[in-house]
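Participant:
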Amino acid sequence: MIALKQFSGRLRKTAEKIARNDAGGTIVEMAISSLILFAMVFAVFEVTMACYTYNAVSEAARESARWGMVRGSKCSTYTPSQSNCGANSAAIQNYAKASTKIDWSQCTTANPCVTATWLKGTTVSGSSTSTTWATCTGGCSADPGNLLVVSIDYPYALNFPMVKTFNIHLTSTAQVVVAQ
Numbered sequence: 400m401i402a403l404k405q406f407s408g409r410l411r412k413t414a415e416k417i418a419r420n421d422a423g424g425t426i427v428e429m430a431i432s433s434l435i436l437f438a439m440v441f442a443v444f445e446v447t448m449a450c451y452t453y454n455a456v457s458e459a460a461r462e463s464a465r466w467g468m469v470r471g472s473k474c475s476t477y478t479p480s481q482s483n484c485g486a487n488s489a490a491i492q493n494y495a496k497a498s499t500k501i502d503w504s505q506c507t508t509a510n511p512c513v514t515a516t517w518l519k520g521t522t523v524s525g526s527s528t529s530t531t532w533a534t535c536t537g538g539c540s541a542d543p544g545n546l547l548v549v550s551i552d553y554p555y556a557l558n559f560p561m562v563k564t565f566n567i568h569l570t571s572t573a574q575v576v577v578a579q
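Residue numbers (our numbering): 400 to 579.
#1: Taking just the CA atoms, how far does M448 sit from A440?
#2: Roughly how many whole angstroms lie between the Cα atoms of I431 and A442?
#3: In the DSSP assignment, the beta strand (DSSP E) including Q574 goes from what residue to what residue?
#4: On the DSSP bridge assignment, give the partners of Y553 in chain order.
#5: Going by C-alpha to C-alpha distance, which of E445, N493 and C484 sits closest to A459?
#6: Could you name the residues that DSSP lists as bridge partners for A515?
#7: Are the segment 530 to 544 and the segment 484 to 491 touching by the rule of at least three beta carbon pairs closer than 8 Å?
#8: Helix, strand or coil for W466 per DSSP?
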């Protein structure tokens with residue numbers, strides 16, 4: 400009987416010791432905290448890539464507007480060696496897509512992502528002289544003095560871990576007056 404009491408006492412102490420041992424709990428805590436840490440690291444990486452892509456979209460809009468500005472309808476007169484004079488909307492779209500290293504495959508003919516429009520300026524005299532801009536009609540688009548507006552609306556897919564992928568639209572617009 401005494402031996403049985405000693406055995407049951409040791410068994411009880413061993414069971415209490417096992418119950419107090421939390422070595423397995425640290426593995427579970429590490430798994431949960433690693434999951435959160437890695438999700439945050441990947442989210443920071445994805446937001447950084449979105450910022451990089453926005454910078455590329457913005458630069459493409461500025462460069463395309465500058466490219467179209469110097470390739471107006473009179474550029475062959477002022478700069479005889481200049482190519483692509485009288486650049487149209489399609490040429491500016493192609494230049495914008497070629498000038499950046501982002502994936503333009505989401506942009507199609509139905510959704511070109513890059514639009515180039517020209518506005519004709521009219522001077523309004525009065526107490527202060529100002530210029531108003533109206534949509535160019537009748538083939539005046541690339542004439543010197545007109546305003547070239549290049550707008551880019553790029554769909555960027557955000558891929559956060561454990562969250563459904565969704566698109567955000569990165570937009571940028573550049574405006575310049577056609578020089579030649």
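Quick reminder that beta carbons are idealized off the backbone N, C-alpha and C, glycines included.
Facilitator: So, to answer that:
#1: Here residue 440 refers to the residue found at position 41 of the sequence shown. Here residue 448 refers to the residue found at position 49 of the sequence shown. Correcting the residue identity first, residue 440 is Val in this sequence and not Ala. Approximately 12 Å between the Cα atoms of the pair.
#2: Residue 431 sits at position 32 when you count from the first residue of the sequence shown. Residue 442 sits at position 43 when you count from the first residue of the sequence shown. In a straight line, the C-alpha of I431 is about 17 Å away from that of A442.
#3: Counting from one through the sequence shown, the residue named residue 574 turns up at place 175. Note, Q574: beta strand (DSSP E), F565 to V576.
#4: For the purposes of this step, residue 553 is taken as the residue at position 154 of the sequence shown. In the DSSP output, where bridge partners are listed per residue, Y553 has L569.
#5: On the sequence shown, position 60 is the one that residue 459 refers to. Per the Cα distances, N493.
#6: To locate residue 515, count along the sequence shown from 1; it is residue 116. V549.
#7: yes
#8: Residue numbering aside, residue 466 sits at position 67 when the sequence shown is read from its first letter. DSSP places W466 in helix when its eight states are reduced to three.
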